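Protein sequence lines, in the order shown, are assigned to chains W and S. To get the numbering used here, take the position in the first sequence, counting from 1, and add 936. To get the numbering used here, take the position in the second sequence, counting from 1, and add 89. Here a beta-carbon is modelled for each residue, glycine too, at the ideal position from N, C-alpha and C. Note that this is a predicted model, so its numbers are computed, not measured.
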Amino acid sequence: MRRPLVVWLAALILGLALGLTYAWVIAPGNSGGTAPSSLRPDFRDDYRSAIAAAYAATGDLQRAKARLELLGDADPVSALGAQAQRALAAGQSFEHAQELARLASDLQAGRPSIFASTVTAAIPPSPTLTATLEPAFDLTSTVAVMTASPQAVFTLPPAATGTRVVSPTRTVMPSPAAQFQLTSRDEVCDPALPAGLLQITVFDKDNHPLPGVDITITWDQGEERFFTGYQPEISDGYADYVMQPGTAYSVKVTRLGVPVSALSAPTCPGTGGQSFTGGLKLSFKEP
Amino acid sequence: MPRWMVGLLLAIVGAAAGIAYGRLVAPVQYVDTVPASLRIDYRTDYVLMVAERFHADHDAETAMQQLSLLGAQSADAVSGEALAFARSVSYAGPDLALLEELNRAMQALAPLPSPVRTP
């Protein structure tokens, strides 16, 4: 009686082993291909860059968002901001970094800041693309950009399981470019912080930290540009820079922003009559 | 029921349980893959991104470079494959138009095949 039990158990185990071999080795589940979330980190950056470049061309924020979700980043906004900083540090073009930063910023703001222009006359006209874009905004304004989405029907990538209709919207939206205002400027005398640390935080009009905002720092011998959001553990709208003592700096939030001038590292009183170089903390807000 | 049949049934049950476990409970996890291994629908969406950008700047060099990420195939083969898939799943007209535009540009840049001399 015992022998058949052993044989049956062996048959069960053998079947189990064969089943696992089939599922893991012979025909693993994703034999049709892998998903973007499984890409190697450098290829994920390439994929993210392609999303940002496509967004810069189309202004289709919903589609960019759907594509970013495929990458499975825990925080797509931070991932974009960090990649923008890495691109700058690696000496890639500022335009490339700016595309990434702009997408991060627009995702955070929840609205596109660029003109959507997916389809133009070069493409054979489609019945669904009948929206004509009339200049309904003040072309003389240097601080206004227009967002518009021509009526377009497109499949949801990548599964193509349905269609979405983007109704035409045309909004004259104040560009964040020239509108950030300095809301606070404080000297920071904390010996624990690096000497001359200039801390900048940018908020949107609802007081949410805004990543991907272009910051320009100039001084008499140079200029440096970077973006907010590189240190999301501090704040998505945070960026910093170490000032040299005795040098006057000017900070501009976005290229068209009004510069905040005459910034320099303060001298702070320390213990035992010793002084040390402190820092500055600036906050900017979109009105 | 003969004993051998019980054994066979148990082996089949074990195989089914093994496949279910390997597919549903602990499926193979792919990590650090390359873009060439992406599923065809993801590859097509990537090509569509390149096409959207190409439509805006008509920078064929950059488009070719971006398409080369998808593997050793030529850029016109990659864009052609994406276009064929997009047609097969009925992508929207504007997207198909973008893919066709990119495919035409990549075909124009593709090296011509060497002429075959016939006797």
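query                                                                                                                                                                             : result
Between which two residues does the beta strand (DSSP E) containing E189 (chain S) stretch?                                                                                       : Looking at the DSSP string, E189 (chain S) is not in any beta strand (DSSP E); the run it does join, the alpha helix (DSSP H), is 182-198.
To be precise: take each residue of the segment 1172-1202 of chain W, compare its Cβ to all Cβ atoms of chain S, and keep it if any distance is under 8 Å. Which residues remain? : none
Taking CB distances under 7 Å as the criterion, tell me whether V1055 (chain W) reaches chain S.                                                                                  : Legend: pLDDT at V1055 (chain W) = 45, less than 50; position of this residue unreliable, value from coordinates given subsequently. V1055 (chain W) counts as touching chain S.
Hey, is L956 (chain W)'s beta-carbon within less than 7 Å of any beta-carbon in chain S?                                                                                          : yes
What are the start and end residues of the beta strand (DSSP E) that includes R1047 (chain W)?                                                                                    : Premise fails: R1047 (chain W) is in no beta strand (DSSP E) and is neither H nor E.
Between the C-alpha atoms of V167 (chain S) and E1169 (chain W), what's the straight-line distance to the nearest angstrom?                                                       : 40 Å
Suppose the cutoff is 6 Å on Cβ atoms and the five residues either side in sequence are ignored; what does the same chain contact list for K1188 (chain W) look like?             : T1152, P1195
With a cut-off of 8 Å on the beta carbons, I'd call A1131 (chain W) and W1155 (chain W) a contact; round off their distance for me.                                               : Not really, about 16 Å apart at Cβ, beyond 8 Å.
Which two residues bound the contiguous beta strand (DSSP E) that contains D1122 (chain W)?                                                                                       : 1117-1124
Could you tell me the distance, in whole angstroms, from the CA atom of Y983 (chain W) to the CA atom of P977 (chain W)?                                                          : 10 Å
Return helix, strand or coil for S1219 (chain W), following the three-state DSSP convention.                                                                                      : strand
Kindly indicate which residue of S:I108, S:R92, S:L188 has the alpha-carbon position closest to the one of L137 (chain S).                                                        : S:L188
Are three or more beta carbon pairs between the segment 146-166 of chain S and the segment 177-196 of chain S nearer than 8 Å?                                                    : yes
Name the DSSP bridge partner or partners of S1186 (chain W)?                                                                                                                      : W:T1154
So, using beta-carbon positions, are A1135 (chain W) and D1176 (chain W) closer together than 7 Å?                                                                                : Strictly speaking, residue 1135 (chain W) in this sequence is Gln, with Ala absent from that position. In this structure, D1176 (chain W) lies closer than 7 Å to Q1135 (chain W) by Cβ.
Compute the Euclidean distance between the alpha carbons of M1179 (chain W) and L1216 (chain W), then round it to the nearest angstrom.                                           : 9 Å
Can you pull out the residues from the segment 135-151 of chain S whose beta carbon lies closer than 8 Å to at least one beta carbon of chain W?                                  : Y135, L137, M138, V139, E141, R142, H144, A145, D146
Applying a beta-carbon distance threshold of less than 7 Å, which residues of chain W neighbour S126 (chain S)?                                                                   : G969, T970
Determine the closest residue to D1126 (chain W) out of W:V961, W:P1202, W:L1146, W:N1143, with distance taken between C-alpha atoms.                                             : W:P1202
By alpha-carbon positions, which one of S:R142, S:V123, S:H147 ends up nearest to G160 (chain S)?                                                                                 : S:V123
Indicate whether at least one CB of chain W lies closer than 7 Å to the CB of G96 (chain S).                                                                                      : yes
Applying a beta-carbon distance threshold of less than 9 Å, which residues of chain S neighbour L997 (chain W)?                                                                   : Ordered by position in chain S, no residue passes the 9 Å Cβ test against L997 (chain W), which lies about 13 Å from the chain.
Can you check whether the CB of L997 (chain W) is closer than 7 Å to the CB of A100 (chain S)?                                                                                    : no
If you pair each beta-carbon of the segment 1013-1020 of chain W with each one of the segment 1157-1167 of chain W, do three or more pairs fall below 8 Å?                        : yes
By how many angstroms is the C-alpha of A145 (chain S) removed from the C-alpha of A1198 (chain W)?                                                                               : 41 Å
A106 (chain S) and L952 (chain W) - do their beta-carbons sit closer together than 7 Å?                                                                                           : yes
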